[in-house]
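Going by the numbering used here, the sequence shown opens with residue 1, and the numbers climb by one from there.
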Amino acid sequence: MKDFFKLKANNTTMAREMLAGVTTFLAMAYILAVNPSILSASGMPSGGIFIATALASFVGTCFMAFFANYPFALAPGMGLNAYFAFTVVLGMGYSWQIALMAVFVEGLIFLALSLTKVRESLFNCIPLPLKSAVSVGIGLFIAFIALQGAHVIVDNPATLVSFQSFNSGNIHNHGICAVLAIVGTIVTGWLIYKNVRGGILLGILITWILGIIAQLAGLYVIEPTAGCYSLIPSLSFDTFKSSFSEFTNIFGALFTPDKWTLRDCPDTGFALLKSLNFVVVIFAFMFVDIFDTMGTLIGVSTKAEMLDKDGHLPRIKGALLSDALATTAGAVLGTSTVTTFVESASGVSEGGRTGLTALTTAFLFLISILFAPIFLAIPAFATAPALIIVGFYMFTGVKSINFDDYLNSIPCYLTILVMPLAYSISEGICAGVISWTILNFFSPRRKAINPLMYVLTILFLAKYVML
1 MKDFFKLKAN NTTMAREMLA GVTTFLAMAY ILAVNPSILS ASGMPSGGIF
51 IATALASFVG TCFMAFFANY PFALAPGMGL NAYFAFTVVL GMGYSWQIAL
101 MAVFVEGLIF LALSLTKVRE SLFNCIPLPL KSAVSVGIGL FIAFIALQGA
151 HVIVDNPATL VSFQSFNSGN IHNHGICAVL AIVGTIVTGW LIYKNVRGGI
201 LLGILITWIL GIIAQLAGLY VIEPTAGCYS LIPSLSFDTF KSSFSEFTNI
251 FGALFTPDKW TLRDCPDTGF ALLKSLNFVV VIFAFMFVDI FDTMGTLIGV
301 STKAEMLDKD GHLPRIKGAL LSDALATTAG AVLGTSTVTT FVESASGVSE
351 GGRTGLTALT TAFLFLISIL FAPIFLAIPA FATAPALIIV GFYMFTGVKS
401 INFDDYLNSI PCYLTILVMP LAYSISEGIC AGVISWTILN FFSPRRKAIN
451 PLMYVLTILF LAKYVML
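Shown next, in the form of structure tokens:
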């Protein structure tokens with residue numbers, strides 16, 4: 001293991017890598033609960049989706065471990081699953097089987113691109129200051145997600161979002177969740193300050209234990225309608241058996257042409273694949289996937305100091321190939337696009353530097369199938385402190401941006417600003433690339449602009465006009 005993953009060359013140890021892998025898994029475990037709840041809106045059985053989610057995460061993360069030797073974990077992507085269920089199936093009227101076929105085709109296209117240097121060239125053409133800005137923007141983005149998941153930041157009709165009110169009647173559900181998340185963040189911050197090894201992981205566990213104590217004391221009240229479930233884990237083999245039975249109904253379901261239907265349209269089967277709308281669906285999956293993946297790879301690898309002196313990520317072809325293979329495998333298993341997760345930064349912050357971190361995370365996803373009730377008992381407010389602290393780590397990359405150089409710093413600022421506000425990594429990249437190209441085009445630096453930046457700018461502008 002030491003030789004295969006080159007632990008000595010990466011100045012790390014097996015213990016550190018495995019601890020980082022556990023940390024990454026706990027930060028990502030929410031996908032095992034969230035993905036089934038979203039995709040089930042398309043008519044797919046939630047139990048089967050849970051099995052598919054765990055298996056797709058296991059397979060995709062193993063690809064990353066062996067093909068790229070990076071500590072990045074993969075799972076069905078947030079945002080892409082919502083697009084799958086609410087836009088493609090419920091909005092456009094496609095069956096979930098043909099939506100899976102669209103994901104499969106997208107994965108095949110990405111696989112072809114990954115075997116060439118197209119995706120690698122796209123990654124490398126982005127200027128180094130923008131890569132730093134992407135890392136900072138992702139830090140704010142995942143912290144914002146964590147604050148929302150823990151109900152510290154809530155919806156507000158007047159201002160869109162606001163801080164949780166502790167004077168309302170929800171103190172025993174969302175209110176106590178917010179309190180526990182805030183306390184957990186302070187505890188995790190103190191552990192980091194004291195340089196405690198595994199501080200982020202300990203922060204997750206301590207916050208979860210505090211939640212269990214609050215439940216036993218009656219401060220936390222179980223209320224499923226509010227999304228507040230029991231924090232005390234219990235094994236249920238009946239649930240596992242039911243989920244596995246449902247999984248057999250969605251595994252390979254994309255290869256059933258008789259299920260390729262479109263609501264209010266008699267055209268089915270292969271003829272449907274020729275429709276323009278189906279091409280648009282594939283393009284939308286591709287667009288979000290490629291730039292969310294690029295953004296995550298840029299952000300996490302920048303924080304881990306894995307980029308070379310030119311700002312390029314070594315072995316990026318293996319990482320992109322893993323992402324493409326994971327997407328095709330995930331579609332066969334029965335889930336939406338599988339992509340590299342930004343929560344990988346939590347493991348990187350714990351010292352993870354090689355594929356052994358990813359392999360550890362992968363096996364935990366596999367094991368979670370048998371012990372789903374335990375892993376799903378870890379609530380969002382317990383993982384929120386970890387993501388907030390990781391967001392802080394990634395935010396420190398802002399110091400590498402020269403804010404006196406306006407041609408670089410203004411696009412960087414827009415990248416950082418748009419990501420959390422638009423709730424999208426890819427939108428932040430669009431804002432940064434477009435503004436950087438335009439500003440530098442009308443300056444003496446015009447000749448130094450990489451031609452691919454023009455291509456990206458045109459594509460991004462066309463996206464806003466056509467989609």
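Built from N, CA and C at the ideal position, the CB exists for glycine as well. Bear in mind that the values here come from a model prediction, so they are computed numbers and not experimental data.
Inset, instruction - Could you say which of Glu-223, Leu-201, Ile-232 lies nearest to Leu-216 if we only look at CA atoms? - result: Along the sequence shown, read from residue 1 onward, the residue named residue 216 stands at position 216. Answer by Cα proximity: Ile-232.
Legend entry - Contact set for Phe-166: own chain, Cβ-Cβ below 6 Å, skip 5 residues either direction: Position 166 of the sequence shown holds residue 166. So the qualifying residues of the chain are Gly-175.
Legend entry - Three-state secondary structure assigned by DSSP to Leu-140: Working through the sequence shown from its first residue, we reach residue 140 at position 140. Looking at Leu-140 - three-state DSSP - the assignment turns out to be helix.
Inset, instruction - Classify Ala-462 as helix, strand or coil using the three-state DSSP reduction. - result: Taking the first residue of the sequence shown as position 1, residue 462 is located at position 462. Residue state, collapsed to three classes: helix.
Legend entry - Own chain, CB closer than 6 Å to Thr-61, minus 5 neighbours either side, in chain order: On the sequence shown, residue 61 is found 61 positions in, with the first residue counted as 1. Excluding sequence neighbours, Thr-61 sits near Ala-73, Leu-74, Ala-358, Thr-361, Ala-362.
Inset, instruction - Could you name the residues that DSSP lists as bridge partners for Asp-155? - result: Counted from its first residue, the sequence shown places residue 155 at position 155. In the DSSP output, where bridge partners are listed per residue, Asp-155 has Val-161.
Inset, instruction - Please indicate yes or no: does the CB of Ala-56 lie closer than 7 Å to some heavy atom of the ligand MG? - result: Looking at this structure, you won't find the ligand MG or any other ligand, since it has none at all.
Inset, instruction - Could you tell me the distance, in whole angstroms, from the CA atom of Gln-148 to the CA atom of Lys-447? - result: Counting from 1 along the sequence shown, the entry for residue 148 is found at position 148. Counting from 1 along the sequence shown, the entry for residue 447 is found at position 447. If I take the Cα positions, the gap works out to 44 Å.
Legend entry - Selected residue, minimal CA-CA separation from Leu-459, among Phe-442, Arg-445, Val-433: The residue given as residue 459 occupies position 459 in the sequence shown. The candidate whose alpha carbon is nearest that of Leu-459 is Val-433.
Legend entry - Length of the line joining the Cα atoms of Thr-87 and Ser-135: Here the question's residue 87 lines up with position 87 in the sequence shown. Here the question's residue 135 lines up with position 135 in the sequence shown. For Thr-87 and Ser-135, the distance between alpha carbons rounds to 29 Å.
Legend entry - Three CB pairs or more closer than 8 Å across the stretch 90-107 and the stretch 373-388: no
Inset, instruction - Say whether the stretch 11-25 touches the stretch 194-204, bearing in mind that this needs 3 or more beta-carbon pairs closer than 8 Å, one atom from each stretch. - result: yes
Inset, instruction - If I'm right that Phe-365 touches Ala-54 with Cβ under 8 Å, what's the distance once you round it to whole angstroms? - result: In the sequence shown, counting from the first residue as 1, residue 365 sits at position 365. In the sequence shown, counting from the first residue as 1, residue 54 sits at position 54. Right, the Cβ-Cβ distance comes to about 5 Å (below 8 Å), so this counts as a contact.
Inset, instruction - Within its chain, find whatever has a CB closer than 6 Å to the CB of Trp-208; leave out the 5 residues flanking it on each side and keep chain order. - result: By one-based count along the sequence shown, residue 208 stands at place 208. So the list reads Ile-378, Ala-382, once near-sequence residues are dropped.
Inset, instruction - Compute the Euclidean distance between the alpha carbons of Gly-347 and Leu-7, then round it to the nearest angstrom. - result: Translated into the one-based positions of the sequence shown, residue 347 becomes position 347. Translated into the one-based positions of the sequence shown, residue 7 becomes position 7. C-alpha separation (whole angstroms): 15 Å.
Inset, instruction - Check the C-beta distance from Ser-336 over to Asn-81 and give it rounded, since I have them as a contact under 8 Å. - result: The count along the sequence shown starts at 1 and reaches residue 336 at position 336. The count along the sequence shown starts at 1 and reaches residue 81 at position 81. Right, the Cβ-Cβ distance comes to about 4 Å (below 8 Å), so this counts as a contact.
Inset, instruction - Have a look at Phe-247 and Ile-49 and give me their C-alpha separation to the nearest angstrom. - result: Translated into the one-based positions of the sequence shown, residue 247 becomes position 247. Translated into the one-based positions of the sequence shown, residue 49 becomes position 49. Whole-angstrom Cα-Cα distance: 7 Å.
Legend entry - Close-in-space but distant-in-sequence residues of the same chain around Ala-41 (CB under 8 Å, 5 per side omitted): Position 41 of the sequence shown holds residue 41. Same-chain partners within the cutoff: Ala-85, Phe-86, Val-89, Leu-90.
Inset, instruction - Give the DSSP bridge partners of Ala-75, in chain order. - result: In the sequence shown, the residue the question calls residue 75 occupies position 75. Bridge partners of Ala-75: Thr-339.
Inset, instruction - Report yes if the CB atom of Ile-425 is closer than 8 Å to the CB atom of Thr-340, and no otherwise. - result: Working through the sequence shown from its first residue, we reach residue 425 at position 425. Working through the sequence shown from its first residue, we reach residue 340 at position 340. No, the Cβ-Cβ distance between Ile-425 and Thr-340 is not below 8 Å.
Legend entry - Residue burial classification, Leu-370 (beta-carbon count within 10 angstroms, cutoff 16): Locating residue 370 in the sequence shown gives position 370, counting from the first residue. Leu-370 should be labelled exposed.
Inset, instruction - Go ahead and pull the three-state DSSP assignment for Tyr-70. - result: The sequence position of residue 70 within the sequence shown is 70, counting from 1. Three-state result, Tyr-70: coil.
Inset, instruction - Can you tell me which of Asn-450, Phe-144, Thr-293 puts its alpha carbon nearest to the alpha carbon of Ser-114? - result: Locating residue 114 in the sequence shown gives position 114, counting from the first residue. Checked all of Asn-450, Phe-144, Thr-293; the closest Cα to Ser-114 is Thr-293.
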